Amino acid sequence: MLNQDIIREATRLTRSGQLVEATSLLQRMLRGEKERDATAPMSGQPALAAGREPQTIDAKANAAETRRPRRAAQPAVDIAKHLHGLGLGGALRRAPPSMADIVPDGAKFVEGVYANAAGSRAYRLFIPSGYHGQPIPLVIMLHGCTQSPEDFAAGTRMNFIAEEQTCFVAYPAQRAEANQAKCWNWFRPADQQRGTGEPALIAGITRQIMRDYSVNPERVYVAGLSAGAAAAAIMGSTYGDLYAAIGIHSGLACGVASDLPSALMAMKQGGGPEAPPSDGPPVPTIVFHGDRDATVHSKNGARIVRQSIGGSRTKIKVHRGRVPGGHAYTRTVHADAGGRGILEHWEIHGAGHAWSGGSPAGSYTDSDGPDATREMLRFFLEHSLQRRRD
226 MLNQDIIREA TRLTRSGQLV EATSLLQRML RGEKERDATA PMSGQPALAA GREPQTIDAK
286 ANAAETRRPR RAAQPAVDIA KHLHGLGLGG ALRRAPPSMA DIVPDGAKFV EGVYANAAGS
346 RAYRLFIPSG YHGQPIPLVI MLHGCTQSPE DFAAGTRMNF IAEEQTCFVA YPAQRAEANQ
406 AKCWNWFRPA DQQRGTGEPA LIAGITRQIM RDYSVNPERV YVAGLSAGAA AAAIMGSTYG
466 DLYAAIGIHS GLACGVASDL PSALMAMKQG GGPEAPPSDG PPVPTIVFHG DRDATVHSKN
526 GARIVRQSIG GSRTKIKVHR GRVPGGHAYT RTVHADAGGR GILEHWEIHG AGHAWSGGSP
586 AGSYTDSDGP DATREMLRFF LEHSLQRRRD
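Following the numbering used here from start to finish, the sequence shown increments by one per residue and tops out at 615.
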């Protein structure tokens with residue numbers, strides 16, 4: 226039987242950013258152990274009113290070109306133990322990737338920081354060698370739990386594909402102070418709304434880069450893995466006027482959870498409330514999910530598809546294939562009345578919770594799957610804000 230006092234305490238810990246402690250508390254409850262004293266909540270900043278953009282405190286990027294990524298601070302042993310039990314400990318045991326695994330020759334990978342009333346976040350920005358001041362697309366990449374921008378860049382190899390297509394790629398970094406497992410807080414209501422919390426920070430990073438560099442404002446995109454994918458879904462739902470398309474790999478739909486217990490339920494069973502259909506045209510979305518994912522149930526991929534389509538009528542085409550020597554997959558394309566593909570759902574058969582077609586230089590990758598990075602960027606470049614308005 227669920228102990229409601231423990232549920233309330235886990236919810237409080239979650240809202241204060243102490244995901245590891247909250248998860249440990251719930252695990253002890255399920256094992257029938259007695260409740261221990263919970264860690265005091267972390268100090269936080271008051272949430273802004275929904276829909277209100279926070280005032281920018283420091284809008285200037287603190288950019289500096291670097292040759293190798295910084296080594297992340299070593300987490301406490303007990304945190305690593307809990308993350309391992311959740312299937313999230315892989316990134317903690319890896320050595321940092323080399324710059325050769327992150328940046329192609331001739332390109333740059335610079336550092337930046339953005340701050341507003343919601344807090345601050347560092348980020349890394351990939352600048353392709355073909356950039357000479359002309360307007361080019363921008364892709365925002367949101368990492369998964371325990372990952373870093375460098376790890377995520379190495380695993381997805383997005384910088385190498387972006388070098389071919391001459392695109393910027395930005396990697397916001399979640400702070401351990403905001404979430405000890407470095408997960409984006411997609412399950413907290415304050416981080417699911419426009420103008421407040423993490424959505425305001427991610428949108429602020431996007432706009433800062435657009436101000437500091439020549440970005441094509443019609444071609445700005447956001448994607449992520451796992452918790453980062455859930456955050457990308459939130460960005461597509463709350464900032465559809467900023468992002469022309471979104472990519473969700475092994476993630477969850479916007480609004481399926483409002484606290485840690487409901488988040489765990491959605492992850493394991495694919496449950497949660499259905500979001501009401503959007504009144505406007507759907508934000509073009511590409512979804513990847515392994516049907517053997519034991520961390521985020523593959524039902525969540527179908528949930529994202531339903532939420533993305535909303536009330537729109539689409540024509541469906543199904544393609545099946547197999548990577549030579551690797552996974553089979555089913556690719557379902559939803560097209561609008563004009564025949565334009567507005568949503569793709571890639572079900573990867575036999576794959577788990579990992580970036581499909583990724584490099585072993587990064588964590589949570591599966592090189593036997595279709596190349597999610599290349600397909601995602603191909604899908605993005607087929608869409609623009611102007612095309613959605615037409």
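All C-beta atoms in this analysis are idealised placements derived from N, C-alpha and C, irrespective of residue type, glycine included.
Model, not experiment: these values are computed from the prediction.
Excluding the 5 residues flanking Gly422 on each side, which residues of the same chain have their C-beta closer than 6 Å to its C-beta? Ala343, Ala415, Asp416
So the beta strand (DSSP E) Ser345 belongs to, where does it begin and stop? 344–352
Let me know if Glu600 comes out buried or exposed under the rule of 16 or more other beta-carbons within 10 Å of its beta-carbon. The residue is buried, with at least 16 neighbouring Cβ atoms inside 10 Å.
Could you have a look at Asn525 and say whether DSSP puts it in helix, strand or coil? helix
Below 8 Å, can you find three or more Cβ-Cβ pairs linking the segment 569–576 to the segment 355–366? no
Element boundaries [alpha helix (DSSP H), containing Thr381]: 374–381
Should the segment 581–589 be called in touch with the segment 555–563, which here means at least 3 C-beta pairs below 8 Å? no
Tell me, please, which residues DSSP counts as bridged to Pro397. Answer is Tyr348.
Is Gln494 buried or exposed, if buried means 16 or more other CB atoms sit within 10 Å of its CB? exposed
To test your reading of the DSSP string, which unbroken alpha helix (DSSP H) runs of 4 or more residues are found completely within the segment 428–467? 452–463
Taking only three categories from DSSP, how would you classify Asp326? Note: Asp326 maps to helix in three-state DSSP.
Which residue's Cα is closest to the Cα of Val618: Ala452, Asp516, Thr431, Ala455? The question about residue 618 has no answer here: the residues shown for the chain are numbered 226 through 615.
Run through DSSP, which three-state label would Lys259 get? Per-residue confidence for Lys259 stands at a pLDDT of 47, beneath the threshold of 50, marking its modelled position as unreliable; the derived number appears in the next sentence. The answer is coil: DSSP assigns Lys259 none of H, G, I, E or B.
Coarse secondary structure for Gly337, derived from DSSP in three states: Note: Gly337 maps to strand in three-state DSSP.
Quick one, are the C-beta atoms of Asp518 and Gly472 less than 7 Å apart? no
Have a look at Cys370 and Ser588 and give me their C-alpha separation to the nearest angstrom. 10 Å
What are the boundary residues of the alpha helix (DSSP H) that includes Pro486? 485–494
Nearest by alpha-carbon distance to Pro397: which of Asn404, Glu336, Pro353, Thr463 is it? Glu336
Name the two residues that bound the continuous alpha helix (DSSP H) containing Leu610. 610–614
Ends of the alpha helix (DSSP H) at Leu568? Not the alpha helix (DSSP H): Leu568 falls in the beta strand (DSSP E), residues 566–573.
Have a look at His552 and Gly546 and give me their C-alpha separation to the nearest angstrom. 9 Å
Best match in Ala395, Ala401, Glu388, Phe377 for proximity to Tyr356 [C-alpha to C-alpha]: Glu388
Per DSSP, what kind of secondary structure is Arg237 in: helix, strand or coil? Under the three-state reduction of DSSP, Arg237 is assigned to helix.
Please report how far the alpha carbon of Leu207 lies from the alpha carbon of Asp615, in whole angstroms. Lying before the first or after the last residue shown, residue 207 is absent from the chain, which here runs from 226 to 615.
Sufficient close CB pairs (3 or more, under 8 Å) joining the segment 375–395 to the segment 320–329: yes
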